[in-house]
Each structure stands twice: as C-alpha cells, then as structure tokens.
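One line per chain: the protein sequences are A and B, in this order.
The first sequence begins at 52 in this note's numbering and counts up one residue at a time.
The second sequence begins at 52 in this note's numbering and counts up one residue at a time.
There are 2 protein chains.
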Amino acid sequence: MRTINVGIIGLGTVGSGVVEIFSRHAEHFRTRAGVDMRLTRFADRSTERFDALGLPADRCHTDWHAVVEDPEIDIVIELIGGTGVAHEVVIAALDAGKSVVTANKALMATAGQEVLDHAAAQGVDVAFEASVGGGIPIIAPLKHSLTANEITDVMGIVNGTTNYMLTRMAEDGLSYAAALAEAQAKGFAEADPTADVDGLDAAAKIAILASIAFNSRVVLDQVPAEGIRSLAPSDLEFARDMGYVVKLLALAHRTSTGIDIRVHPTMIPAAHPLASVNGVYNAIYVVGDSVGETMFFGEGAGSAAAASAVVGDVIEVARHLENGCLGLVGCTCAEELPVRDIADLITRYYIRLQVADAPGVLATTSQVFADHEVSLASVMQPEVTEGGEAVLVYVTHRASESAVRASLAEIEALDIVHSVGALLRVEDL
Amino acid sequence: MRTINVGIIGLGTVGSGVVEIFSRHAEHFRTRAGVDMRLTRFADRSTERFDALGLPADRCHTDWHAVVEDPEIDIVIELIGGTGVAHEVVIAALDAGKSVVTANKALMATAGQEVLDHAAAQGVDVAFEASVGGGIPIIAPLKHSLTANEITDVMGIVNGTTNYMLTRMAEDGLSYAAALAEAQAKGFAEADPTADVDGLDAAAKIAILASIAFNSRVVLDQVPAEGIRSLAPSDLEFARDMGYVVKLLALAHRTSTGIDIRVHPTMIPAAHPLASVNGVYNAIYVVGDSVGETMFFGEGAGSAAAASAVVGDVIEVARHLENGCLGLVGCTCAEELPVRDIADLITRYYIRLQVADAPGVLATTSQVFADHEVSLASVMQPEVTEGGEAVLVYVTHRASESAVRASLAEIEALDIVHSVGALLRVEDL
Chain A
52 MRTINVGIIG LGTVGSGVVE IFSRHAEHFR TRAGVDMRLT RFADRSTERF
102 DALGLPADRC HTDWHAVVED PEIDIVIELI GGTGVAHEVV IAALDAGKSV
152 VTANKALMAT AGQEVLDHAA AQGVDVAFEA SVGGGIPIIA PLKHSLTANE
202 ITDVMGIVNG TTNYMLTRMA EDGLSYAAAL AEAQAKGFAE ADPTADVDGL
252 DAAAKIAILA SIAFNSRVVL DQVPAEGIRS LAPSDLEFAR DMGYVVKLLA
302 LAHRTSTGID IRVHPTMIPA AHPLASVNGV YNAIYVVGDS VGETMFFGEG
352 AGSAAAASAV VGDVIEVARH LENGCLGLVG CTCAEELPVR DIADLITRYY
402 IRLQVADAPG VLATTSQVFA DHEVSLASVM QPEVTEGGEA VLVYVTHRAS
452 ESAVRASLAE IEALDIVHSV GALLRVEDL
Chain B
52 MRTINVGIIG LGTVGSGVVE IFSRHAEHFR TRAGVDMRLT RFADRSTERF
102 DALGLPADRC HTDWHAVVED PEIDIVIELI GGTGVAHEVV IAALDAGKSV
152 VTANKALMAT AGQEVLDHAA AQGVDVAFEA SVGGGIPIIA PLKHSLTANE
202 ITDVMGIVNG TTNYMLTRMA EDGLSYAAAL AEAQAKGFAE ADPTADVDGL
252 DAAAKIAILA SIAFNSRVVL DQVPAEGIRS LAPSDLEFAR DMGYVVKLLA
302 LAHRTSTGID IRVHPTMIPA AHPLASVNGV YNAIYVVGDS VGETMFFGEG
352 AGSAAAASAV VGDVIEVARH LENGCLGLVG CTCAEELPVR DIADLITRYY
402 IRLQVADAPG VLATTSQVFA DHEVSLASVM QPEVTEGGEA VLVYVTHRAS
452 ESAVRASLAE IEALDIVHSV GALLRVEDL
C-alpha cells in the first residue's frame, strides 16, 4: 500500500472538519478502506487557523502555490469557495497532474465543464460530492448507482438556512425577519444572507444536479431563482389549510422540449416525502424511469457533514490512485438539451396581493386575470386590514407563467393595489 | 471502447426487468455511461420466459453452465435467488474469472464471505446493490460516499410487504389477515408469506448492511427476528395514541460491547423520518460520526426498481473492466466485532396480554413484572371484552430483555392469562 499525500487549501469550517476526520480516522482509512492517506500540506490566508488546529508549522503556508506545486502531493482539497482564487487553485492543481476534491458549488455550477476538461486532459479525478447537500451522498448515486435510469425529475430542499427559516415560520408563526435573525444567531445564516434567502445557493446546486442527472450541462445563469424574502407566516398558514407545505424547492425536470429548471418557494402536498423535511435538513428527491421515486435525506450544512463528503471523495480518489484507474468517471454530459424559458412554464399559482381596503378590488383584479386567460381556482379575502390595507389571496388553475406575469404587471400598476406580496408555484407532485 | 458481454441467469420478475432496461437503454450506456454492454446469453429453467421476452433461441439455455462456461461472457448476473443452485452459479462464475452481479440477499447474508473471497482470489468484482432495498442506492453509499465515517447505527424498513400491511392496518384498521390477503391479491406478498411476515427477509438484509457499515461480518443466523403475525390494529392504535408508529424495523447498532442487531416490530416516534415511510416503500436510516443522520428512501420491491440496481451494478463493473481496475473495493470486513445476545438488550417494551375477564388479573400480572424488576410506565385495561376475554396493555420503563422474557414466561403460565398477544420494543430514536 503506497502512501497518498493530500494537501488542503482553505481551513475554514469545512476544512477544520476535514483535519478533524483525518486525525480521528487515518488508521481506519488503512484498515477499513484500504488506503494509506496523510494530510501533508496546509494553506490558508490566516495563520491563526494553523495554530488553532495544531498543525506543524513547516507544513503550513499562506500561499496556496506551496501546496499545488509540491511534487509529493497526490490530491488537493480546495475549500476556499467562490469563483476567484478557488478557480485558479483548481485549474492549477489539475494542470499539475493532481486530482482535486472540492466542495465548491459556485465553481462547479459556472465552470464545471472547464474543470472536468482539465481533469480529463491530465487523466486525473475531480470529485465534488460536498458541493450539494452537505454530507448526503447524491452526486455519487447519480453518477454510479442510478446510471441504468433515464432520470426525469430532480427536486431538492438544498438550502438548510431557508429550510430552517420556513420551518420556524410555519410551525411557530415567526415573521421572515425574526426567523432570519434567529438563523443568524444560531450560525445557520451568514451576516449577508443574500445567497441563501434569494435562492442563489440553491440555484447553483440544482444546476450541478441537473447536469449530472440529465447528462447535459446546465450552468448557474440558466437557472431562474426566486427567494423567500417576501413570504409571510400567513402564506404558510393558507398553504397548510389547503393541504400544502411551502418549501424553497430547487427543481429540474427532463421534458420533451428541454430542461425545465428553477428555484422558488413552492407549495407541495403535505403528504409528499419532501414536505416533512424540516429544519436545517436537506433532501433530494429523484425520479428515474426504472427506479421510480427515491429520496436522499440528511444534514445539508455543518462542518462535520460536509467534511464527511469531502473525505469520502478523497478516499475514493485514493482508491483510484492505488489501483491505477484515475479518471474512471469524468464528465457525463453527453447530450445538449435546451433549457426551457420559465415564461413557458405551465403550473398553478398562489398569489397574495396587498390591496387598498376599497370596494371593487376583488372584481377589478379578478378581471385582469380573466383578461389574460388565467383561470382562478379560488380567491380569499381575509378580514384583517391594517392601516387601510387588505389582503387578497388567489389560487389559479394551471396557467402559463407569461400570462400570470403579464396579469401581475397590470395588477401592480393599479392604484388600488399596493403590491404583489407573495407568488408561489403550486406543484402537485 | 470494447464490447462487454453480459450473461443473465434467472429470468423471473427482476430478470425480465433487466432485459427490459437493456433493450431500452443499451445506446445510453455507451453515450452516457461510457460502456458498451450487451446481454448475450440467457438461462432459465423455463423456456416459456425466453419466448415471452422475445430472446434469440440460440442464446437461450435451460442449463446455467452454458452462460458461466462461455469464454466470451465478462459479467454474470445471478437472479435465481436462494442458497442452492444460486450458490453454485455464483462460485462457478467467479472461479471462471467472471465478475458477478446478484440480487441474492439470502446468499450474501449466509455465504457473503465465501463469495467475496472467491472474487478476490480471481481479482474480479462482485456487486449486490439489489440485495437490499430494491432500487435504493445504499450499499454503494456505505462502501464509497460514507467511508469517512464510523457508522454507529443502521436502521431500515427493508421489507415492502410488511410495511404495506402495517400501513393498511394503521391507517384503515385492517386486521392482519385482511392486510395479508390484500397484499397477496396485489402481488406484494407471496402465496407463502413466511419470509416476509416472520422478519427473515429483513434479517438477511440487515445482516448485509451491518457487515458493510460496521466493517465486521454478521451472518443471518446471528440476527434474532420477530415478525408481525401477532399484531392487531389495536396495537397500532395504542401506539398512535402514545405518539408512536409501529414499523417492522431491522436495526443494527455499533456499541462498546459489540453489534446489537435484530428485527422486530418496533414503536418509533411519529416525528422520526422513518415513521412516515408508508406502503411498499423502503428506507434505510444511517448515522455516522461525521455525516450525522442520513436516510435513503425509495421503492423496495418491484421488477423495475430492483432491475435498476442490478443494471447500475453491471455498468459499474463494466467501467472497471473497461479501465482495468476490477476488484477496486472488495470485502470491507476488516474487524471482528462480537454480536451481542438479544438477552442483553435494554429497552422499553409494549406488551399486550389477552387475559380472563376476572378480578385481580392486573394486580397479579403486575406483581410478576415487579418480581423480575421490570418497572412499569403504564398499564391500560380497555373495556372491550369478547367471549370473556379482556386485554391488558403494559408499557415498561427501560428493562432488560431477559427480565421481560422471564416475566412473560411466568405470566403465560398463569391460568388467568390466555396469551401474550403482542410484544413490541419501543425505540426512542
């Protein structure tokens, strides 16, 4: 058994978790997994982290080149994140003939093809299980166990921050602001929560999953994303009364006219397996033509869970190194399916309007929907009015996204309408 | 890309599903998975199946040797099942230098070590994802994605027949007999349902999962199994009133004194992810020291789902053949942990006694528990009495299995006690 040397760049939350797993289980990697691996070089911008982790000073560097250029390093773990330095690091490591393990969803969702091409050119591995769903095995099952299937649907609760917030709003009536403050206090949300609450984090993850599941490259820019900022606890209550649960869902469907992919708050039936995934948990639901429905559930965030996925990947790459079969499964995007315009979407909608407490508002707004051939399933006008503002809640029959958007543009321009408070898609999975 | 020739032995439900997937997706295996595979030889006892599947007559055989001895065959799929002929087939195929894919839980749970040893001796692959959980990827995640973890718990609903029956009994009040008859009518249960309803099928599956998860061989004989024959709808109702759901759970825990493994009807909290797995669905819940809680959900039975796992394995073996790295991951049982005696179990118990409708029964039976130091949390005496028979439902505090069994032996011998109607373990997961 040869010794495989691993270098790690980025010693933040996940990086610290990786160091911790190596220190606890290095011997188990030999006996249980059949690989002899050592973390032999460390890089981070901050020298404080070297001390905090008790790493040997002569193996620690503030310049990542020291890791990538060390000829003894076989595998480079990139945990810087983002598409700046991380992009340089990954390409440089691959070009130096090293295999790469990364948790970088932004990089894989924007430059995934470039990364895989550089790996293929060198005949090395690139693995990124931790980029989606924290510790949940989902990329490996899609690239391996489920390959006999034509996958038709991938739907996930892939952002723990927003799922925690929505759970608190639904179960305990917290406002969006209170739920966010609590998530920040508990360390589940960043000081700047934009990437989470606006759905961008989820969009990167579904781009990665769709590319693998449908064997066709989808990049972040192609994923329309709406977040949860405008949701009120009352929306979650209305949904519940109708037998639904609201989740920030990342969805991708293979259709006869291309890939339907999007991220938005979604009403899903309360009995669906995804509906009971609460708190910071993540789950990815996959439908294949043979396997039927499957779901992969677990901790989507947290240092240890993500580190589990990173080290699992490192072990797998080490096995390939040990057995001389790097590059076993590279890019699987063999097709070029078009990505559908969300304007072509046909689904049901939940719409909350904040309106003036005036006569005729219901009739006027309903007429606008009728003019655009958006057929209404129900309209509710709860009694609550605060400061002269009333609420109208519409649920439509199946309608086209473009017709709904045109209706809402016209409705928003009415004097008697203050704002479109919330827009949810209803998916009867 | 070289052509990989696959032979299949056993063309029943799953075998037919495999043939079907090959006919639908052979071209996709090339383009999406990067392997060129063909089903080139078929064996079954019944020639009718050859015709039904429209297979070429010169490639069909009633003697399995024709497949195993064909020098052009690279991979043999064994779908006969059981430990008789299937055992011969698998060993012969491996000894002939062919890789083997099987769905055979009985074989892997009894002779798994022998099978893996023969594969290792020849440097070939043996894969058996379909032996547990139908189409759900669970063996591959345990052998690959989760290898960075020390797995502490594996718990599964791994028998679709009994889960269907329990769901119908809990939700619609069906009796055991009615639920079984319905499951048989729908094709979810065999004419002889013993293996399912007595927990033997689940026992084989948890033996396989525990061996992989804990890196230590556990065989079928070491798994105490109790089934669901004695359960009544009233047991499921009592459980629900207490906030629990009854599932036939296959459990394995790594403890400081060895592997705790067993199959029995179990009361689990209604909020646990396993509690909402209903109908013929299966789910396996895994806890690792880094990944935390994860769960793998899907169709545990059915031709297409199991065939998905079989063909997924075949593709993986084909990739290894194509890249010259057969034998990448073989036996992972590096340790020899003892298996604990179930008599040493300490948990809570739900006990239903069928008793005479006579004064003092509650006092007398309670005293027996007290004599054995089994502390009682509650006792309920529902009003219903039919034919002079009454019911007593006990729930204990944590007690030892041996003390509970000794109590029940003594209680059963009492004239005023007709029978121990049901015994459930309560697991506060």
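The beta-carbon is built from N, C-alpha and C at its ideal position, and this holds for glycine as well.
Taking DSSP as the reference, what is the three-state secondary structure of residue i?
i, result
"A/S281", "coil"
"B/I467", "coil"
"A/K237", "coil"
"B/R100", "helix"
"B/N155", "coil"
"A/E123", "coil"
"A/R268", "coil"
"A/G411", "coil"
"B/L217", "helix"
"A/L325", "helix"
"B/S182", "helix"
I'd like to know whether the C-beta of residue i is nearer than 8 Å to at least one C-beta of chain B.
i, result
"A/R305", "no"
"A/P188", "yes"
"A/N333", "no"
"A/H76", "yes"
"A/L379", "yes"
"A/F347", "yes"
"A/P244", "no"
"A/G343", "yes"
"A/T213", "no"
"A/S67", "no"
Just checking: is the beta-carbon of residue i within a distance shorter than 8 Å of some beta-carbon in chain A?
i, result
"B/R370", "yes"
"B/G363", "yes"
"B/I462", "no"
"B/L197", "yes"
"B/I310", "no"
"B/P389", "no"
"B/T91", "no"
"B/M192", "Note on identity: in this sequence residue 192 of chain B is Pro, with Met being the wrong assignment. Chain A, which has a Cβ nearer than 8 Å to the Cβ of B/P192, makes this yes."
"B/E36", "Since the first and last residues shown for chain B are 52 and 480, residue 36 of chain B lies out of range."
"B/G339", "yes"
"B/E201", "yes"
Check the DSSP bridge columns for residue i and list the partner residues they point to.
i, result
"A/N333", "A/G349"
"B/P244", "Its beta-bridge partners do not exist; DSSP assigns none."
"A/S451", "A/I397"
"A/G375", "The partner list for A/G375 (beta bridge, DSSP) is empty, contrary to what the question assumes."
"A/N56", "A/R89"
"A/H423", "The partner list for A/H423 (beta bridge, DSSP) is empty, contrary to what the question assumes."
"B/D114", "None, per the DSSP bridge assignment."
"A/A473", "A/R403"
"B/S429", "B/V446"
Assuming residue i and residue j make a contact with CB atoms under 8 Å, what is their CB distance in whole Å?
i, j, result
"B/I257", "B/V274", "6 Å"
"B/L251", "B/I55", "Not really, about 35 Å apart at Cβ, beyond 8 Å."
"B/T447", "B/L427", "6 Å"
"A/V296", "A/A221", "7 Å"
"A/L92", "A/G58", "One detail in the question is off: residue 92 of chain A reads as Arg in this sequence, not Leu. At roughly 4 Å, the Cβ-Cβ gap stays under 8 Å, so A/R92 and A/G58 are in contact."
"A/T345", "B/G363", "Contact flag wrong, Cβ pair sits at about 12 Å."
"A/A369", "A/I126", "7 Å"
"B/E463", "B/V455", "About 12 Å; that fails the 8 Å criterion."
"B/L325", "B/Y336", "5 Å"
Is any heavy atom of the ligand ADP found at a distance shorter than 7 Å from the C-beta of residue i?
i, result
"A/P122", "Because no ligand of any kind appears in the structure shown, any question about the ligand ADP cannot be addressed here."
Can residue i and residue j be called in contact, C-beta distance under 8 Å?
i, j, result
"A/V477", "A/A450", "no"
"B/Q164", "B/R280", "no"
"A/A147", "A/E180", "no"
"A/H304", "A/T203", "yes"
"B/T113", "B/T98", "yes"
"B/D168", "B/T213", "no"
"B/E489", "B/G63", "Limits of chain B in this structure are 52 at one end and 480 at the other, which puts residue 489 of chain B out of reach."
"A/P188", "A/F347", "yes"
"B/L300", "B/I319", "yes"
"B/M159", "B/I259", "yes"
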